[in-house]
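Asks: Here it is, the structure in full.
2 protein chains.
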Amino acid sequence: MFPYKTSLILNRKSKEPLYLQLSNQFINLIKEGKLTSGTKLIGSRSLAELLNIHRKTVVSCYEELSLQGWVESISKKGTFVHNNLPLLDQSKLIEAQSKNEKNKSGFTFYANEIFPHKVSVKKENTIYINDGTSDGRLIPTEEIARTYRRIASKKNIYKEMGYGSTFGNDKLRLTLVEYLNTTRGLQITKDNILITRGSQMGIWLSSQLLLKSKDVIVVGETNYASADYNFLDQKATLKRVAVDENGLVIDQIEELCKKQQIKAVYVTSHHHHPTTVTLSAERRIHLLNLAKEYNFAIIEDDYDYDFNYNHAPILPLASHDNNGNVIYIGSICKTVAPVFRIGYLIASKEFVNEAAKLRGFVDRQGDALLELTFADFIKSGDLDRHIRKVMKIYKQRRDLFCQLLKDKLSNYFEFKIPKGGMAVWVKLNKKYSWKQVEIEARKHQLEIGEWQRYDLANTKHNAIRIGFASYNEEEIHKLISALKITMIAITN
Amino acid sequence: MFPYKTSLILNRKSKEPLYLQLSNQFINLIKEGKLTSGTKLIGSRSLAELLNIHRKTVVSCYEELSLQGWVESISKKGTFVHNNLPLLDQSKLIEAQSKNEKNKSGFTFYANEIFPHKVSVKKENTIYINDGTSDGRLIPTEEIARTYRRIASKKNIYKEMGYGSTFGNDKLRLTLVEYLNTTRGLQITKDNILITRGSQMGIWLSSQLLLKSKDVIVVGETNYASADYNFLDQKATLKRVAVDENGLVIDQIEELCKKQQIKAVYVTSHHHHPTTVTLSAERRIHLLNLAKEYNFAIIEDDYDYDFNYNHAPILPLASHDNNGNVIYIGSICKTVAPVFRIGYLIASKEFVNEAAKLRGFVDRQGDALLELTFADFIKSGDLDRHIRKVMKIYKQRRDLFCQLLKDKLSNYFEFKIPKGGMAVWVKLNKKYSWKQVEIEARKHQLEIGEWQRYDLANTKHNAIRIGFASYNEEEIHKLISALKITMIAITN
Chain X
1 MFPYKTSLIL NRKSKEPLYL QLSNQFINLI KEGKLTSGTK LIGSRSLAEL
51 LNIHRKTVVS CYEELSLQGW VESISKKGTF VHNNLPLLDQ SKLIEAQSKN
101 EKNKSGFTFY ANEIFPHKVS VKKENTIYIN DGTSDGRLIP TEEIARTYRR
151 IASKKNIYKE MGYGSTFGND KLRLTLVEYL NTTRGLQITK DNILITRGSQ
201 MGIWLSSQLL LKSKDVIVVG ETNYASADYN FLDQKATLKR VAVDENGLVI
251 DQIEELCKKQ QIKAVYVTSH HHHPTTVTLS AERRIHLLNL AKEYNFAIIE
301 DDYDYDFNYN HAPILPLASH DNNGNVIYIG SICKTVAPVF RIGYLIASKE
351 FVNEAAKLRG FVDRQGDALL ELTFADFIKS GDLDRHIRKV MKIYKQRRDL
401 FCQLLKDKLS NYFEFKIPKG GMAVWVKLNK KYSWKQVEIE ARKHQLEIGE
451 WQRYDLANTK HNAIRIGFAS YNEEEIHKLI SALKITMIAI TN
Chain D
1 MFPYKTSLIL NRKSKEPLYL QLSNQFINLI KEGKLTSGTK LIGSRSLAEL
51 LNIHRKTVVS CYEELSLQGW VESISKKGTF VHNNLPLLDQ SKLIEAQSKN
101 EKNKSGFTFY ANEIFPHKVS VKKENTIYIN DGTSDGRLIP TEEIARTYRR
151 IASKKNIYKE MGYGSTFGND KLRLTLVEYL NTTRGLQITK DNILITRGSQ
201 MGIWLSSQLL LKSKDVIVVG ETNYASADYN FLDQKATLKR VAVDENGLVI
251 DQIEELCKKQ QIKAVYVTSH HHHPTTVTLS AERRIHLLNL AKEYNFAIIE
301 DDYDYDFNYN HAPILPLASH DNNGNVIYIG SICKTVAPVF RIGYLIASKE
351 FVNEAAKLRG FVDRQGDALL ELTFADFIKS GDLDRHIRKV MKIYKQRRDL
401 FCQLLKDKLS NYFEFKIPKG GMAVWVKLNK KYSWKQVEIE ARKHQLEIGE
451 WQRYDLANTK HNAIRIGFAS YNEEEIHKLI SALKITMIAI TN
């Protein structure tokens, strides 16, 4: 007889009901050919005794197996493994792949060669340089969670809980329309706004809709790397123009336009990423006029609109756009916390409609509860209060960071104090390389981060962004000290 | 003198500071050429008197304009509009497009021709037929929101609030590994799971990685339309095989394999979408063996695993996969509520790595707070309790719906009672068309929904899915009555 007692092992502590544990083990025995087609199974009474379980459990198990088509019960004869069941092929297991280490696929697929893969495991007591992120400790998390819960407790909330609009929740769209029209000089209606999961999705959607193989997109000589990757992944041709202290050199774009059709210009007009400079008034108008004349799109990524220390935020290009040329991208993640994945894409109605369609096929829809929470957060003035609060703190951090960088490290680094944003563009003296700094810094609990991403065009500017906003006073001192020790070690 | 008083209009009730209102209006006047390059602006004292505001407001405004590069202050001479500013081109405005109706783009883009666009505006007092969604009124929203708030209030939660892993939150990944290994017979580790925004994203990612132009993917003769659209959008070749009472006819897949390389098979093995049939045990093994022999991927979309009324859930193909052929896709949205956008993609480590990379470039990362909330919801057993609770209710609804359909409408419709899921596959007598039914039903406050999506291959089966789970007893009676009135009206 088949060794039922040793082949079937029950775990009485498991949450899985016994009859199901039993069924699943029977299924494995059948699949693997240990119980072959036509075999008569042991009677339920005998199996119950053997395993010391209730007979009903065995009956349920056999019923289950029968319903699933693994066995057949013939009245007065017994229960038989179904005839004609094929065996699961156990041969040719992928080399060195045990059941518990599923590393390789049994099929081929297209790996992406453009997107770099980042897997970061953070070590304790190490300072990580970032490209300008907010400080998680300053997030009004509890306040937001309280609002979330209040909204989730509303009587009719279930109406918002089903499949919703791919455009995002209507209340948030209307709230943002009013907020952006008032604060950023836009003149939009609900039809012009799509709620996204953050700026990244806005860039991705624009890239998908604007670019096919060999289409030309203009970017800065140094540019936000994630945007570059998106455009390259579409197999677009990137034309790079210089960036000076007034931002993208628009005259160079005009020259390009005269020679060939360009589809789009990607611009971080408020604070150029990565160099932090602001696009001048004259160039703004020049760029808008060119877009109109040559019918190209301007992807305006206003990634840190809210943070300006010397003046009020500058109105975006989108506020001057009277011809439907600007796709305006922004997010709340950057302002509040990356964990809250809410952003927006603003453009003509026809473009927003297409973007919503595409977005629906990637992830169906956004998170209505979170969207409603942020509609409330904006409407109540809490967002503005939060911005005012952190802006003061970030300004102090910028001033401290820049002061220390100047006082302690001016032999090695050059920089200008940024008027806004959360990062400084720091040039390393050409005598040294960031590769050297990275290796040495690691010995002093300082991680430089992906410095390579700032120079995809290989212009050898030898600069990287160093975010200051996420560190408190003590951490800024520590960062500067570690950098100082690093540079001294390299120099000697 | 320039008519400052009538050109500058201040709103003292606005949240926008007066000096900014003023600056933005000046900027518009300059852009539009109403204040031309070189013009000397009115003195701050005079303007303050004219507008009845504090002089400091005007000074701030002029400072702002100067910082932004619109004007130049020359000491002892005054403030002048900057020289050499170009004018914003106001000519050739897109036809019939006022400032407040931004419909058209000033550039061309690639509209998607595959994805249909759904914009649904729901009317009151109307029953909408869906393809099998859960009932929003049964969601444990308050419980989930309470957990969310509790997690958001944890002392070190800020560590989870920054930029996180594109694979999803580690705690949820580990929780799901344990949960799925126990309940679905999987044998996976954390490396095999990517948290997604729901099944839709899982299908999208798989489609992107597996298919390029002309690659062959096998689907059912009738199939889940959103999956079809995704594959078609990749320009893949769809080969359709028959679906009978035991699911996809795998023999037909074997025939295809002998003739050409196929890249993947998309299968809803548990309850075929749309017909609700279960893939038989024999065919499961057959399909797995073919995948191994011919090196293709099986995309197993287990969209309503949790809902079985006559037997325990059937173990997915993924539980028998010893060769890395199966990409297993599931979601919590379907089980709990569409609003909670959490799903998973399970596959070999190398495939999961690529999927995570791609996902990062679309929307960067998931929502860590929500992911932690669901890790808790699963671990505490709340998810299982929720499933047990609603399963009883859905079973009653299925029984009532099917009974009424049989008793009142058997002249018009044929169907089999589904063993699981949330929908019935309802065949309309060939004498009638769903188009007719749709038009007539609308008169009786019944919306049939997108019936066309069930027959993209044009096989003329004349059937659609009717979900039963989202309606309470009263609504089921109303739905059946409306359908009955509709059919009588058509017949007469």
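Which chain is which? The protein sequence lines are X and D, in order.
Residues 1 to 492, numbered by full-length UniProt numbering, are exactly what the first sequence covers, in order.
Residues 1 to 492, numbered by full-length UniProt numbering, are exactly what the second sequence covers, in order.
The C-beta atom is built at its ideal place from N, Cα and C for all residues, glycine as well.
Predicted, not measured: the structure shown is a model, and the values here were computed from it.
Run through chain D and tell me which residues come within less than 9 angstroms of X:Lys484, C-beta to C-beta.
Replies: Within chain D, no residue comes near X:Lys484; the closest Cβ sits about 26 angstroms away, beyond 9 angstroms.
Asks: So is D:Asp304 in contact with chain X if we call contact Cβ pairs under 7 angstroms?
Replies: No, no contact with chain X.
Asks: Please classify D:Ala469: does DSSP put it in a helix, a strand, or coil?
Replies: Reduced to three states, the DSSP call for D:Ala469 is coil.
Asks: Would you say X:Met201 and D:Asp367 are within 7 angstroms of each other, going by their C-beta atoms?
Replies: Not closer than 7 angstroms, so no.
Asks: Assuming D:Ser105 and X:Ser348 make a contact with CB atoms under 8 angstroms, what is their CB distance in whole Å?
Replies: Yes, they are in contact, since the Cβ atoms of D:Ser105 and X:Ser348 sit about 4 angstroms apart, within 8 angstroms.
Asks: So the alpha helix (DSSP H) X:Lys427 belongs to, where does it begin and stop?
Replies: From DSSP, X:Lys427 is part of no alpha helix (DSSP H) but of the beta strand (DSSP E) over Ala423 to Leu428.
Asks: Are any of the Cβ atoms in chain D nearer than 7 angstroms to that of X:Trp204?
Replies: Chain D contact via Cβ: present.
Asks: Does D:Ser348 get closer than 7 angstroms to chain X when you measure Cβ to Cβ?
Replies: Output row for D:Ser348: interface = yes.
Asks: Spatial neighbours of X:Leu358 within its chain, please: CB distance less than 8 angstroms, with the 5 preceding and 5 following residues excluded, ordered by chain position.
Replies: Answer for X:Leu358: Leu205, Gln208 and Leu209, listed in chain order.
Asks: Return the residue from the list X:Glu245, X:Lys392, X:Met391 and X:Lys416 that minimises the CA-CA distance to X:Gln403.
Replies: For the residues X:Glu245, X:Lys392, X:Met391 and X:Lys416, the minimum Cα distance to X:Gln403 belongs to X:Lys416.
Asks: Under 9 angstroms between beta-carbons, which chain D residues line up against X:Gln68? List them in chain order, please.
Replies: Chain D residues near X:Gln68: Thr278, Ser280, Ala281, His311, Ala312, Ile314 and Leu315.
Asks: Spell out whether any CB of chain X is found under 7 angstroms from the CB atom of D:Asp367.
Replies: Closer than 7 angstroms: yes.
Asks: Mind pulling the chain A residues with CB within less than 8 angstroms of D:Met201?
Replies: The structure shown has no chain A; the protein chains it does contain are X and D.
Asks: Does the beta carbon of D:Ala337 come closer than 7 angstroms to any beta carbon on chain X?
Replies: With 7 angstroms as the cut-off, D:Ala337 counts as an interface residue toward chain X.
Asks: State yes or no: is the C-beta of X:Gly467 within less than 7 angstroms of the C-beta of X:Thr133?
Replies: Yes, these two residues count as a Cβ contact at 7 angstroms.
Asks: Taking 7 angstroms as the CB-CB cut-off, is D:Ile285 touching chain X?
Replies: Interface residue, yes.
Asks: If we cut at 7 angstroms on Cβ distances, does D:Lys357 have a partner in chain X?
Replies: Answer yes: the Cβ-Cβ gap between D:Lys357 and chain X drops below 7 angstroms somewhere.
Asks: Quick one: list the residues of chain D neighbouring X:Glu64, beta-carbon separation under 8 angstroms, in chain order.
Replies: Within chain D, the residues near X:Glu64 are His311 and Ala312.
Asks: Closer than 6 angstroms by C-beta to X:Leu232: which residues in its own chain qualify, once you throw out the five before and the five after it? Chain order, please.
Replies: Taken in chain order, the residues that qualify are Ile114.
Asks: Should X:His271 be flagged as near chain D, meaning a C-beta pair shorter than 7 angstroms?
Replies: Not closer than 7 angstroms to any Cβ of chain D, the Cβ of X:His271 fails to qualify, so no.
Asks: According to the neighbour-count rule (16 or more other Cβ atoms, all chains shown, within 10 Å of its Cβ), is D:Asn83 buried or exposed?
Replies: Exposed, because fewer than 16 other Cβ atoms sit within 10 Å of the Cβ of D:Asn83.
Asks: Quick one: which unbroken beta strand (DSSP E) runs of 3-plus residues sit fully inside the segment 210-285 of chain D? Chain order, please.
Replies: Qualifying beta strand (DSSP E) stretches, in chain order: 216-220, 237-241 and 264-267.
Asks: Please classify D:Asn462: is it buried, with 16 or more other beta-carbons within 10 angstroms of its beta-carbon, or exposed?
Replies: So D:Asn462 counts as buried.
Asks: Based on DSSP bridge pairs, tell me the residues matched to D:Ile127.
Replies: Note: D:Ile127 sits in a beta bridge opposite D:Leu446.
Asks: Leaving aside the five residues before and after D:Ser371 along the sequence, list all residues of the same chain whose C-beta is less than 7 angstroms from its C-beta, in chain order.
Replies: In the sequence on display, residue 371 of chain D carries Glu and not Ser. Closer than 7 angstroms at Cβ, skipping near neighbours: Gly168, Asn169, Leu172, Ile195 and Ile342.
Asks: Consult DSSP for X:Ala489 and reduce its assignment to one of helix, strand or coil.
Replies: In this structure, X:Ala489 counts as helix in the three-state DSSP scheme.
Asks: Go ahead and pull the three-state DSSP assignment for X:Asp302.
Replies: Looking at X:Asp302 - three-state DSSP - the assignment turns out to be coil, as it is neither helix nor strand.
Asks: Give me whichever residues DSSP pairs with D:Ala463 in a beta bridge.
Replies: D:Ala463 pairs with D:Lys427.
Asks: Excluding five sequence neighbours on each side, which residues of the same chain lie with their C-beta closer than 7 angstroms to the C-beta of X:Val336?
Replies: Result list for X:Val336: Ile139 and His386, in chain order.
Asks: Report the neighbours of X:Lys15 on chain D: residues whose CB is nearer than 7 angstroms to its CB, in chain order.
Replies: Here the neighbours are Thr182.
Asks: By how many angstroms is the C-alpha of X:Thr222 removed from the C-alpha of X:Leu288?
Replies: Going from the Cα of X:Leu288 to the Cα of X:Thr222 covers about 21 angstroms.
Asks: Report back the beta-carbon spacing between D:Leu174 and D:Leu180 to the nearest angstrom; my notes put them in contact at under 8 angstroms.
Replies: Not really, about 11 angstroms apart at Cβ, beyond 8 angstroms.
Asks: Per DSSP, X:Phe2 forms a beta bridge with which residues?
Replies: Per DSSP, none; premise fails for X:Phe2.
Asks: State yes or no: is the beta carbon of residue 538 of chain X nearer than 7 angstroms to at least one beta carbon in chain D?
Replies: It is not possible to answer for residue 538 of chain X, since the shown part of chain X is limited to 1 through 492.
Asks: Could you check if D:Asn411 is buried or exposed, using at least 16 other CB atoms within 10 Å of its CB as the buried criterion?
Replies: Counting Cβ neighbours within 10 Å, D:Asn411 comes out exposed, since fewer than 16 surround it.
Asks: Would X:Asn458 pass as an interface residue toward chain D - the criterion being a Cβ-Cβ separation below 7 angstroms?
Replies: Cβ-Cβ to chain D under 7 angstroms: no for X:Asn458.
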